[in-house]
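Working notes for the structure below.
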Amino acid sequence: HIQNLEAAVGISLVKKDGRGLKLTREGERFAIKARKAFDLLEEATAELAHGRGDAIHICCMVGLASHRLLARLPILEASLTDTEVILQPTSERPDFDRDEADAEIIYLEQPETRDGLRSELLVRPRILAVASPALLRRHPGIASASDMLQLPLLHEKSTALWEGWFHSQGVNEIPRLRGPRLWHGHLTLEAARLGQGVALVSDLICGDRLESGELVEVVPSQIQSGGYYFVAPNAKWNDPVLTTVRRWLAATLSVPAASPARGAGA
């Protein structure tokens with residue numbers, strides 16, 4: 010292909026360099042401009058793959074997508090009759106410069122500060138310690154946060170979340186915490202439902218299971234840390250479809266989670 014291009018333009022683009030080849034000065038100049046053209050082609054291909062123009066692509070944390078948003082998605086779809094909703098559960102943040110998504114819903118300690126992006130706090134959830142009624146029946150007499158050190162604890166990437174929770178509850182003497190590390194909140198939630206231990210999750214993720222009685226809050230608390238943010242490029246922030254999505258999210262996530270009494274459903 011390079012030889013055909015050289016023959017067509019009458020200019021050498023590469024030259025021998027030892028056992029290999031290297032670009033000539035003209036080849037280097039051509040490569041710089043050609044690379045920009047290929048980048049545009051890549052963006053156009055991504056738009057076709059994502060169905061831009063009649064679809065909105067939202068990346069979201071897996072637990073929030075599956076336990077809070079999925080069941081309520083038809084409400085959003087009904088308000089966007091001409092637009093397909095692509096809700097992608099993922100633990101990876103999208104690259105907006107490569108047009109990998111139109112927006113994302115992410116849990117952050119502080120608002121997004123990257124250049125070219127804008128963020129809006131949707132809700133600051135309560136962090137709950139939840140377990141199955143069956144597990145609490147096996148461990149009666151749990152009345153305080155310090156009592157919970159007797160229970161099997163479920164962790165995400167590390168024990169840091171539990172350590173912070175205990176400190177916030179006034180427990181200063183914390184032994185080395187043990188228990189499985191499951192990396193993701195939705196997995197600790199499922200393990201808690203199966204009676205394998207106590208999970209720390211936001212009330213948005215576990216609210217439906219508290220209401221059904223599958224899970225109960227072990228010790229009441231009012232601990233908050235960070236919040237769920239809607240993040241999108243500045244250039245797309247006022248897009249009518251994105252505005253509709255943002256308002257739906259704010260309304261959906263603002264509904265308080267159920268808080269049944271400890272032991273409900275036992």
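Numbers 10 to 275, taken from our numbering, label the letters of the sequence shown in order.
Think of the CB as a built atom: it goes at the ideal place given N, C-alpha and C, for glycine as much as any other residue.
Rounded to whole angstroms, how far is the Cβ of residue i from the Cβ of residue j, which I believe are closer than 8 Å?
i: Pro142; j: Val227; result: Going by Cβ atoms, the distance from Pro142 to Val227 rounds to 11 Å, so no, they are not a contact pair.
i: Pro120; j: Tyr238; result: 6 Å
i: Leu137; j: Val210; result: 6 Å
i: Glu165; j: Gly188; result: Not confirmed; about 11 Å, so no contact.
i: Glu113; j: Cys69; result: 7 Å
i: Phe175; j: Ala154; result: 6 Å
i: Leu126; j: Pro242; result: 6 Å
i: Thr253; j: Ser21; result: That belief does not hold up - the Cβ atoms of Thr253 and Ser21 are roughly 55 Å apart, past 8 Å.
i: Ile67; j: Leu49; result: Wrong, their Cβ atoms sit about 25 Å apart, outside the cutoff.
Check whether the Cβ atoms of residue i and residue j sit closer than 8 Å, and answer yes or no.
i: Ser128; j: Val240; result: yes
i: Val94; j: Glu86; result: yes
i: Ile65; j: Asp108; result: no
i: Leu163; j: Gln231; result: no
i: Val250; j: Thr90; result: no
i: Arg202; j: Glu223; result: yes
i: Asp212; j: Pro134; result: yes
i: Ile84; j: Trp257; result: yes
i: Arg77; j: Ile183; result: no
For the beta strand (DSSP E) holding residue i, just list the boundary residues, first then last.
i: Leu198; result: Segment 194-202 is the alpha helix (DSSP H) holding Leu198; no beta strand (DSSP E) there.
i: Ala143; result: Where Ala143 is concerned, there is no enclosing beta strand (DSSP E), although the alpha helix (DSSP H) it sits in stretches over 142-147.
i: His66; result: 64-69
i: Gly236; result: 236-242
i: Glu113; result: 112-117
i: Val23; result: 23-26
i: Val227; result: That residue, Val227, is in no beta strand (DSSP E); it is neither H nor E in DSSP.
i: Phe205; result: Sequence inspection shows Gln at residue 205; the Phe mentioned does not correspond to that position. From DSSP, Gln205 is part of no beta strand (DSSP E); its letter is neither H nor E.
i: Pro98; result: 93-98
i: Lys31; result: 29-32
Residues in the same chain with beta-carbon distance under 7 Å from residue i, minus the five sequence neighbours each way, listed in chain order, please.
i: Ala259; result: Leu131
i: Arg81; result: Thr261
i: Ala40; result: Leu32
i: Val23; result: Ile11, Leu30, Lys31, Leu32, Thr33, Gly36
i: Gly60; result: At Gly60, the pLDDT of 49 sits below 50, so the modelled position is not reliable and the matter cannot be decided from this model.
Between which two residues does the alpha helix (DSSP H) holding residue i run?
i: Ser88; result: 82-88
i: Leu258; result: 249-262
i: Leu219; result: 212-221
i: Ile11; result: 11-18
i: Ser153; result: Neither: Ser153 is in no alpha helix (DSSP H) and is coded neither H nor E.
i: Ser128; result: Ser128 -> not in any alpha helix (DSSP H); beta strand (DSSP E) instead, spanning 126-132.
i: Glu172; result: 169-177
Among residues of its own chain, excluding the 5 on either side of residue i, which ones have a beta-carbon nearer than 8 Å to its beta-carbon?
i: Val207; result: Ala138, Val139, Ala140, Leu144, Met157, Leu160, Pro161, Leu162, Leu163, Ala201, Val227
i: Gly173; result: Ser234
i: Asp63; result: Asp91, Thr92, Glu93
i: His148; result: Gln159, Leu160
Ignore the nearest five residues each way along the sequence and tell me which others in residue i's own chain have a CB closer than 6 Å to its CB.
i: Arg190; result: His164
i: Arg218; result: Leu224
i: Ser268; result: With a pLDDT of 41 at Ser268, under the threshold of 50, the modelled position of this residue cannot be trusted; read the value that follows with caution. There are no such residues.
i: Trp246; result: Arg127
i: Pro103; result: Cys68, Glu109, Ala110, Glu113
i: Ala244; result: none
i: Phe105; result: Pro242
Please confirm whether any heavy atom of the ligand SAH lies closer than 7 Å to the CB of residue i.
i: Pro249; result: For the structure depicted, the ligand SAH is absent and the ligand set is empty, with no information on it obtainable.
So, is the C-beta of residue i closer than 8 Å to a C-beta in chain B?
i: Ala140; result: Given the protein chain composition of this structure (a single chain), no chain B is represented.
* Asked: Does the segment 254-265 come within contact of the segment 155-171, defined as at least 3 CB pairs closer than 8 Å?
  -> no
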